[in-house]
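Residue numbers (this note's numbering), protein chains in the order written: chain X, 781 to 1025; chain W, 781 to 1025. The C-beta atom is built at its ideal place from N, Cα and C for all residues, glycine as well. A quick note: this is a predicted structure, and the numbers were derived from the prediction, not measured. Notes for the one structure printed next.
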Ligand SMILES: Nc1ncnc2c1ncn2[C@@H]1O[C@H](COP(=O)(O)OP(=O)(O)O)[C@@H](O)[C@H]1O
Ligand SMILES: Nc1ncnc2c1ncn2[C@@H]1O[C@H](COP(=O)(O)OP(=O)(O)O)[C@@H](O)[C@H]1O
Ligand SMILES: [Zn+2]
């Protein structure tokens, strides 16, 4: 198909694609996508992150890019960078930031794929893709257009109902797309009281079955504060805390 | 329009409709919808709750109804009840619970509206409707079909980025539909350490501007546990805790 050929051409310099999935919204999928890309860059890899969440991702705000502009070179879009990480999002193209892009789902998915092919990614070891929540047709359409065959997938979960169902659906999703599911990142997994050190699980226990848990991220007020200030990249870089892994 | 007439006929015995909104998924919208309906019933009101979240709502599981069946009387569907609250959800009609209903958005919205008109609601003081997350075309289509003019709306938020944007969008949504926005329920607002009593805000501060905060619900491991066991109704009934308001 013509779309796949132009996507492949624009991703020619990208070695590995890592898609980040979640069963529902609000579990920290954007947080993990942005942190992973920054973490890879701090390890000396060339990384980029694509916000492909049609329901609106907070990646530009978490990384302090709400005022950033996308440059144009020839017919290509040149993404802004934070600590060496190229960041691309429909939000960066919108005139009025934060205003709802009131398009219907399929139109937005097409706009994200057009943006992806128009972007100059250059040479990257990793492209991290923040997919829409769920394992239905929205994330499927985008992951298929990416032609991410042979790529990787990471599932982000928070403790709560039906996590076992979510893990099973994510495994099916990864198989269908020929992706290797690296494992599960358990976010908001516990809270260590700063006053007395006691550890609690406010959202309950996490049951992921036999899946590999890549990391447990605690609920962390310092992390929440860094996100609010658009300083996630600084937090990941400087932090010795558990949350930064 | 013909759809509106049949919706109005099936809701003839319902005095007030309360729609529950959220900016994103995972903030506790289903939890608040189910708790509100149970709370109203405990106050002696006749209440019902409709799961209209096309991305899948956990209301049947939270209320322990995963094995419940919907009865048929004539050409009407008779919803199961928990503590006097009638509960209706596409999940209760699906053969294989928890399997993804892989329909596209617009098809699911139509299925929910058909289910709503086919249900025998009877005489109810309140019908609580758990809408899809966001303020875009999905919740708009369903809220318009409900003909909820003159009804009420409640916004559920959790601390985090862009909450001010979410509040502004919800106000616009309520105005467009001629709904009275009663206020904001702030969920996961704080955590009181069971070991030492210190209060923390793991997800950060909540900034809702001038909106009325109807209730602050803490992160509560007992609540999470009750939800996991399908015992939310029991928790709301027995609990003197802050979470139950
Ligand atoms: N471990 C954590 N500690 C504190 N706050 C968190 C944590 N994980 C997520 N958050 C907050 O929760 C909100 C949701 O995270 P986000 O990554 O946007 O979720 P998703 O992409 O799954 O919708 C963000 O505003 C963020 O501030
Ligand atoms: N205050 C709370 N304390 C503990 N767990 C909570 C709280 N609020 C929500 N949860 C958990 O978070 C998850 C998400 O809640 P849910 O109502 O399904 O969100 P939404 O409908 O907005 O997607 C549920 O699994 C529930 O167990
Ligand atoms: Zn403590």
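- About 16 angstroms separates the CB atoms of residue 947 (chain X) and residue 799 (chain X); that is not less than 8 angstroms, and the two are not in contact.
- With respect to chain X, the C-beta atom of residue 838 (chain W) has a partner C-beta closer than 8 angstroms.
- In the DSSP assignment, residue 949 (chain X) falls within the alpha helix (DSSP H) that extends over 943-956.
- Cβ-Cβ distances below 7 angstroms link residue 853 (chain W) to 900 in the same chain, with the five nearest sequence neighbours on each side left out; the list follows chain order.
- Note on geometry: alpha-carbon atoms of residue 844 (chain X) and residue 814 (chain X) lie some 12 angstroms from one another.
- Counted as a single uninterrupted DSSP element, the beta strand (DSSP E) harbouring residue 934 (chain W) occupies residues 932-937.
- Rounded to whole angstroms, the Cβ separation of residue 932 (chain X) and residue 949 (chain X) is 18 angstroms, and the two are not in contact under 8 angstroms.
- When the five nearest sequence neighbours on each side are left out, the beta carbons in the same chain lying within less than 7 angstroms of the beta carbon of residue 939 (chain W) are those of 968, 969, 981, 983, 984, 985 and 986, in order along the chain.
- DSSP places residue 1002 (chain W) in the uninterrupted alpha helix (DSSP H) bounded by 1001-1008.
- Nearest in C-alpha terms to residue 917 (chain W), of all of W:892, W:866, W:953 and W:973, is W:953.
- Comparing alpha carbon positions, the residue from X:887, X:991, X:1006 and X:834 closest to residue 943 (chain X) is X:991.
- Residue pairing from DSSP places residue 797 (chain X) in a beta bridge opposite X:907.
- For residue 831 (chain X), DSSP records a beta bridge to X:869 and X:910.
- Relative to ligand 1, residue 999 (chain X) has its C-beta within less than 7 angstroms of a heavy atom.
- Each residue's CA atom was taken as its position, placing residue 847 (chain W) and residue 789 (chain W) some 29 angstroms apart.
- Per the coordinates, the alpha-carbon of residue 795 (chain X) lies some 11 angstroms from the alpha-carbon of residue 825 (chain X).
- With fewer than 16 other Cβ atoms from the protein chains shown falling within 10 Å of its own Cβ, residue 956 (chain X) counts as exposed.
- Residue 960 (chain X) carries a strand assignment under DSSP once its states are collapsed to helix, strand and coil.
- A distance below 7 angstroms between beta-carbons, with the five flanking residues on each side excluded, links residue 807 (chain W) to the following residues of its chain, in chain order: 936, 937, 938 and 967.
- Around the beta carbon of residue 973 (chain W), 16 or more other beta carbons sit within 10 angstroms, so the residue counts as buried.
- The three-state secondary structure of residue 992 (chain X), taken from DSSP, is coil.
- Restricting attention to W:1007, W:989 and W:905, the CA atom closest to the CA of residue 823 (chain W) is found in W:905.
- Taking C-alpha positions only, residue 996 (chain X) is separated from residue 965 (chain X) by approximately 6 angstroms.
- With 6 angstroms as the limit between CB and the heavy atoms of ligand 3, the residues that fall short of it are X:973, X:975, X:976, X:978, W:973, W:975, W:976 and W:978.
- In this structure, the C-beta of residue 1004 (chain W) approaches ligand 2 to less than 7 angstroms from one of its heavy atoms.
- Annotation: residue 857 (chain X) is outside any alpha helix (DSSP H); the continuous beta strand (DSSP E) that includes it extends over 856-858.
- The beta carbon of residue 838 (chain X) sits closer than 7 angstroms to at least one heavy atom of ligand 1.
- Counting C-beta atoms within 10 angstroms of its own C-beta, residue 907 (chain X) has 16 or more neighbours from the protein chains shown and is therefore classed as buried.
- Considering only beta carbons, the part of the segment 896-928 of chain X lying closer than 7 angstroms to chain W consists of 913, 914, 915, 916 and 917, in chain order.
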